[in-house]
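This report refers to the structure that appears directly beneath it.
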Amino acid sequence: MNLHEYQGKELLSSFGVRIQRGIVAKNAKEAVDAAKQLTVETGTAWYVVKAQVHAGGRGKGGGVKLAKNLQEVEDIAGQIIGMNLVTPQTSKEGKKVHQVLIAEDVYYPGDNEPEEYYMSVLLNRSTGKNMIMYSTEGGMDIEQVAEETPHLIFTEEIDPTLGILPFQARRVAFNLGLSGTAFKEMTKFVTALYTAYVKSDASLFEINPVLKTSDDKIMAVDSKVTLDDNALYRHRDLAQLRDLREENPIEVEAGSLGLNYVDLDGNVGCMVNGAGLAMATMDLIKQAGGEPANFLDVGGTADAARVEAAFKIILKDPNVKAILINIFGGIVRCDRVAQGVIDAYKNMGNITVPIIVRLQGTNADIAKDLIDNSGLDVLSATEFQEAADKVQEVLS
Ligand code: GDP
Ligand code: MN
């Protein structure tokens, strides 16, 4: 689950990570009130108006703007709220902006220049340890830094049984070229950041930029936070931060029905039990010259109700030209599944795309007979290759 920038910052702040402060607003009037309130709290004279959508690169798309007075806050907030923000990380249509964060301006002039760093915390799957990735080259595309100047990206691996140790926090500050107050601030920042990551069961923190202000404070100016869905049951308060408007509506509906569904770009819908078989089925579709329209794992109990729910979800995608059902009857009996498919097909009454059903396992023969004698426009197969051939046949 992804959080908005403002939610991520609140989470960080609750663990003692210094953040650029801000107040979220849903319309221009709220934005002005937020700005006034912010000046009372922080003394800031200028403000940054920041679109809150689940996508990075907002600055490049015109979703982050500096406002030098309340009138500009009102105008810019009015402009950004309701717009479809297109960034390098969104689709061509962009993402609708429902709210903005009014943030204090922290790039004020001073003795030192403000500096932007990059920092993320994530799991290194090959070592099985969390790591902190960081760079002096913040504020820009880290992908570009990785490509052109990889030596400017540092990593610090953390032993999970020990947590982040003081010498590691100091090494981070040292590698970023800091000294004096900023050095101490950075050790505190990175320690609190790592603690927040572990305690919130996050799978990614990306803070770009981390700012060194001209008076040597270290703070998070942006936040991208991804939480581990499988740990959300331990964080009821965080689970509530989910913003369904930011997610694919078909995936949200499938999730509420207990189906593991991922929307893809292709033309053949698949309904499969088990993630491994689902992956193999997607390969099969590709080999047959099609493109999978989705990943869909119906789980262990493929009864009529679930099959029907899965049909409905698959058919919401207008690109679907055929559906391949590939189910292994281990615990669930194939004849039950076949009956479920037939019942769902009849119940829906409006299925116009060809359907290929491959059932293998317990009572597969009975299942094939049921399908073949159902009088419906459903093709049956028992072997993998047979199913592939039939997919090819209906696509051509
Ligand atoms: P992103 O483009 O989605 O990554 O959004 P960010 O939150 O990283 O903001 C984009 C850029 O806006 C930052 O890299 C900064 O250069 C700029 N920015 C953010 N906060 C301030 C601020 O307080 N003052 C000024 N002048 N610029 C800011
Ligand atoms: Mn950023």
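First residue of the sequence shown? That's 1 in UniProt numbering, and the numbers climb one at a time after it. Yeah, the Cβ is synthetic: ideal placement off N, Cα and C, and Gly gets one too. The model shown is predicted, which means the values in this text are computed figures rather than measured ones.
Asked: Our contact map puts A388 next to A288 with C-beta atoms below 8 Å; I'd like the distance itself, whole angstroms only.; Found: 4 Å
Asked: Nearest to R358 by alpha carbon, out of A344, T87 and D335?; Found: D335
Asked: Does the beta-carbon of A45 have 16 or more other beta-carbons within 10 angstroms, so that it is buried, or is it exposed?; Found: exposed
Asked: Where DSSP assigns a beta bridge to S120, which residues make up the other side?; Found: M133 and E206
Asked: Measure the alpha-carbon distance for K68 versus V268 and round it to whole angstroms.; Found: 53 Å
Asked: From V49 to P150, what does the alpha carbon distance come to, in whole angstroms?; Found: 32 Å
Asked: From this set, V225, L122, I81 and E30, which residue's C-alpha is nearest Q7's C-alpha?; Found: V225
Asked: List the endpoints of the continuous beta strand (DSSP E) containing D297.; Found: N294 to D297
Asked: Report yes or no: do three or more beta-carbon pairs, one from the stretch 123-130 and one from the stretch 91-110, lie closer than 8 Å?; Found: no
Asked: Considering only the beta carbon of each residue, do V394 and A322 sit closer than 7 Å?; Found: yes
Asked: For R21, which residues of its own chain have a beta-carbon under 6 Å away from its beta-carbon, when the five flanking residues on both sides are left out?; Found: T42 and E104
Asked: Considering only heavy atoms of ligand 2, list every residue whose Cβ is less than 5 Å from one of them, following chain order.; Found: N208 and D222
Asked: Does the stretch 360-367 come close enough to the stretch 237-249 to have 3 or more Cβ pairs within less than 8 Å?; Found: no
Asked: From the DSSP output, which residues share a beta bridge with V353?; Found: Answer is none; V353 lacks a bridge partner.
Asked: Do you know how far the Cα of H54 is from the Cα of E185?; Found: 29 Å
Asked: Looking at L66 and ligand 1, is the gap between the Cβ and the nearest heavy atom below 6 Å?; Found: yes
Asked: Classify A25 as helix, strand or coil using the three-state DSSP reduction.; Found: strand
Asked: Report yes if the CB atom of D228 is closer than 7 Å to the CB atom of D201, and no otherwise.; Found: yes
Asked: Relative to ligand 1, is the shortest distance from any of its heavy atoms to the C-beta of D263 smaller than 6 Å?; Found: no
Asked: Where does M140 sit, in a helix, a strand or coil, going by DSSP?; Found: coil
Asked: With T191 as the anchor, note down where its alpha helix (DSSP H) starts and where it stops.; Found: G180 to K199
Asked: Which value, in whole angstroms, describes the spacing of the CA atoms of D75 and G82?; Found: 13 Å
Asked: Report yes if the C-beta distance between T362 and R333 is below 7 Å; otherwise report no.; Found: yes
Asked: Might you give, ordered along the chain, the residues of its own chain that have their beta carbon closer than 7 Å to the beta carbon of G94, omitting 5 neighbours on each side?; Found: N84, L85 and V86
Asked: DSSP three-state label for Q255, please.; Found: The sequence as given places Gly at residue 255; Gln does not occur at that position. Helix, per DSSP.
Asked: Taking the beta carbon of E157 as the centre, do at least 16 other beta carbons fall within 10 Å, making it buried, or is it exposed?; Found: exposed
Asked: Would you say the beta carbon of Y107 comes nearer than 6 Å to a heavy atom of ligand 1?; Found: yes
Asked: For L257, I'd like the list of residues in its chain whose CB is within less than 6 Å of its CB, leaving aside the five on either flank, ordered along the chain.; Found: A309
Asked: Please report the residue range of the beta strand (DSSP E) in which E247 lies.; Found: Looking at the DSSP string, E247 is not in any beta strand (DSSP E), and its letter there is neither H nor E.
Asked: Please identify the residue among Q52, S13 and Q37 whose C-alpha is closest to the C-alpha of K26.; Found: Q52
Asked: Expressed to the nearest angstrom, what Euclidean distance is found between the alpha-carbon atoms of T161 and V198?; Found: 12 Å
Asked: Out of D297, A220 and E30, point me to the one whose CA is closest to L277's CA.; Found: D297
Asked: Can you say whether P318 is buried or exposed, counting buried as having 16 or more other CB atoms within 10 angstroms of its CB?; Found: exposed
Asked: Check E308 in the structure and name its three-state DSSP category.; Found: helix
Asked: At what residues does the beta strand (DSSP E) containing V49 begin and finish?; Found: Y47 to A51
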